[in-house]
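From first to last, the protein sequence lines are chains L and Z.
The first sequence maps to residues 1296 to 1545 in this note's numbering.
The second sequence maps to residues 217 to 553 in this note's numbering.
Here a beta-carbon is modelled for each residue, glycine too, at the ideal position from N, C-alpha and C.
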Amino acid sequence: MSAPALRIEALNKRFGGLLVTDDVTLDVGAQEIHALIGPNGAGKSTLIGQVMGEIAPDSGRVRLGERDLSGLSQAARVRLGLARTFQVPEVLGDYSARDNVLAALLARGRTRIFANPRRDGALAVEADGFLVRAGLVGRGDVPVADLAHGERKLLELAVALATGPRVLLLDEPMAGLGPNESAQMIEVLRGLRGDVAMLLVEHDMKAVFALADRISVLVYGRIIASGSAQEIQADPLVRSAYLGAEEARC
Amino acid sequence: MDEPRTPAVTKDAKPPRWRAWAPYAGLLALVALPFAAQALGQAALTTLATRMVILAIAASALNIALGLGGLVSFGHAAFYGVGAYAVGILTTHGASGAPFLGFIPGSELLGVNLLAAMLASGLVAGAIGALALRTSGVQFIMITLAFAQMLFFFFVALKAYGGDDGVSMRRRNALPGLNMRDDMTFYFVSLAILAVWLGISARLFHSRFGLLLGGIRQSERRMQAIGVSTVRTRWLAFVLSGMGTGLAGGLMAVFGRFVSPDMMHWTQSGELLIMVVLGGAGTIFGPVLGAFALIGLETLLAGWTEHWQVILGPALVLMALTFRGGLARLGRRREGP
């Protein structure tokens, strides 16, 4: 495997008395889908926040390729090739699906100051290309307010792709999706494999086993196991801490 | 005239044809207005319309921050007043010949003074914005209000420029080739400035900057996640908004040949907010309609009874309930941009 696209090194974060990130070290290979699983409240979203620069870690560092991201703003990290999706879709509700993608393209600094980007045919074609890659064919003109939840999840993916990422941080892309929608999301993510490295935070084990090259398990802010799907399924520590609990709940 | 609420029925409905013609009809009416006023022997109508036009510029400028950026500024009277004082002070020094602060020459030229008004209000908006934009929501409203009141009391105490009494100017600023003392000429100059401002404003709304600023209003987190420096973008919007309001203040100072701290009073900020919301926040022509509606209503009611505010209040509430989304959204199915 070539040098990792993303490396998280000895990251620590404490909220008051609560250690939410406990010495986390993790990497994502350039072509890899690395799944991060763990029970609710394990600190998965906080970890994504720290990688993006939304939350400052207490210690440790994040590298994108060789580049140390410490102290860089979120905007700078996005320019270097980081993108994320949200557990609860953060989309621009007054805009059309295409305008949501357009915003991401414009954030990269295209077009002249006073030009109307909505009338730029080339930009529209580019934006629609990202919508198609995310499985939203012919939905560009639809106002986001009229999109179903599953479509909003896909739209977030299209927006993230439009920023031109090397590493994609996916915060529970399957959350709230029905069986058909989940299958579509898995298909779309599978189609992106190899083009962009992914850190996949997910509860849906079916999706994790279908997509992940490697799986790490986060419990109480700590990585307790890391390995292939078989290794993780066989790990007694994981079974008791996570998979067992999951089965018991179901 | 409530908008239909069922999206399934209205999704594909086109706006009525009159909407496309409304701006041109409005412009035509505004051009014809002073001639009609003269023919009817109601010259005062032209001065009233001039006030409306100037306040329409201020409301339209506030709309960049409020309607597009979602920044509820309760302190835009500060920029209105600073623009007015910039003109008042420069005109006073231009008339006396003594430079302002010992090195800035005065001026009695409209173009120069309005540029100075925009520059001064832009600087003040930049400073206030840099501090106020660290907050949001109710805090932002209160901080902008607090800064505006500080400036209000500063100018009340500024005895060198009239303090409470303000500054009176002997004559209107000059625009070479035009007789600015003529009220009809001044009206058309103001109307032309409004037209140019609206043109720039429309371009801004539909530009890259407008699209990104509108995005920040809808979800700041989303915009940060695609790499937008949201604080810088909002600050720029706040400064542009302040500059436009300062331009209106400067023009109003020239029109009335008078500046006073009252222009910065918090009620002025409130009136500008009402104009934008009444007319339609986030639309190009809404603030213009709002300015005309509010000033028109005030004038009408004041001529009828001295207790006009008792009627104005309920009337505004009624209008706000009737025209959801503002006057400019009448006949329009979807909200935007």
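When 8 angstroms is used as the limit between beta carbons, residue 1408 of chain L is near these residues of chain Z: 423, 424, 425, in chain order. Nearest CB-CB separation between residue 1458 of chain L and chain Z: below the 8 angstroms threshold. No residue range can be given for residue 1350 of chain L, since it is assigned to no beta strand (DSSP E) and is classified by DSSP as neither H nor E.
Within the region 436 to 460 of chain Z, 437, 438, 439, 440, 441, 442, 443, 444, 445 place their CB atoms closer than 8 angstroms to a CB of chain L, listed in sequence order. Closer than 7 angstroms at the C-beta level to chain Z, one finds no residue of the region 1476 to 1510 of chain L. Taking 8 angstroms as the threshold, the shortest C-beta distance from residue 1447 of chain L to chain Z does not fall below it.
Taking the beta carbon of residue 428 of chain Z as reference, the chain L residues within 9 angstroms of it are 1398, 1401, 1402, listed in sequence order. Counted as a single uninterrupted DSSP element, the stretch harbouring residue 1414 of chain L is not any beta strand (DSSP E), since DSSP gives it neither H nor E. In this structure the region 1503 to 1510 of chain L touches the region 1324 to 1343 of chain L; the number of beta carbon pairs closer than 8 angstroms is three or more.
A Cβ of chain Z is located within less than 8 angstroms of the beta carbon of residue 1412 of chain L. Listed along chain Z are 441, 442, 443, each with a C-beta nearer than 8 angstroms to that of residue 1373 of chain L.
With fewer than 16 other Cβ atoms inside 10 Å of its own Cβ, residue 398 of chain Z counts as exposed. Per the DSSP secondary-structure output, residue 1304 of chain L pairs in a beta bridge with L:1356. Put simply, the backbone Cα of residue 1340 of chain L is about 7 angstroms away from that of residue 1466 of chain L. In this structure, the beta-carbon distance from residue 467 of chain Z to residue 273 of chain Z falls below 8 angstroms. The beta carbon of residue 1362 of chain L sits no closer than 8 angstroms to any beta carbon of chain Z. Going by C-alpha positions, residue 481 of chain Z is about 7 angstroms away from residue 365 of chain Z.
By the C-beta density criterion, residue 427 of chain Z is buried, having at least 16 other C-beta atoms within 10 angstroms. Selection L:1527, L:1525, L:1497, L:1460 evaluated against residue 1377 of chain L yields L:1460 as nearest (Cα-Cα). Non-local C-beta neighbours of residue 1491 of chain L in its own chain, meaning closer than 6 angstroms and more than five positions away in sequence, comprise 1460, 1463, ordered along the chain.
Exclusion of the five residues before and after residue 308 of chain Z leaves 322, 377, 383, 385 as the residues of its chain whose Cβ lies within less than 8 angstroms of its Cβ. If the five residues before and after residue 1355 of chain L are omitted, its C-beta is found closer than 7 angstroms to the C-beta atoms of 1304, 1305, 1306, 1307, all from its own chain and listed in chain order. Around the CB of residue 503 of chain Z, 16 or more other CB atoms lie within 10 Å, so the residue is classed as buried. Boundaries for residue 1480 of chain L: no beta strand (DSSP E) harbours it, while the alpha helix (DSSP H) harbouring it runs 1474 to 1487, taken from the DSSP string.
In the DSSP assignment, residue 1522 of chain L is bridged to L:1510. For residue 336 of chain Z, the uninterrupted alpha helix (DSSP H) run begins and ends at 326 to 348, by DSSP.
Using a Cβ-Cβ cut-off of 8 angstroms, residue 1369 of chain L is close to 440, 441, 443 of chain Z, given in chain order.
Cβ proximity to chain L below 7 angstroms picks out nothing from the region 477 to 506 of chain Z. If you draw a straight line from the Cα of residue 1387 of chain L to the Cα of residue 355 of chain Z, it comes to about 24 angstroms. Taking a C-beta distance under 8 angstroms as the contact criterion, residue 282 of chain Z and residue 492 of chain Z qualify as a contact pair. By the Cβ test, the region 1420 to 1436 of chain L is in contact with the region 1470 to 1489 of chain L, since at least three Cβ pairs between them sit closer than 8 angstroms. In this chain, residue 1498 of chain L is not harboured by any beta strand (DSSP E), its DSSP state being neither H nor E. Residue pairing by DSSP puts residue 1380 of chain L in a beta bridge opposite L:1465.
Shown here for residue 1363 of chain L: same chain residues with a beta carbon closer than 7 angstroms to its own, the five before and five after excluded, namely 1356 in chain order. Here residue 332 of chain Z has 302, 303, 306, 323, 466 as same chain residues with Cβ atoms under 8 angstroms from its own Cβ, once five neighbours each way along the sequence are excluded. Chain-ordered, the chain Z residues with CB closer than 9 angstroms to the CB of residue 1386 of chain L read 434, 435, 438.
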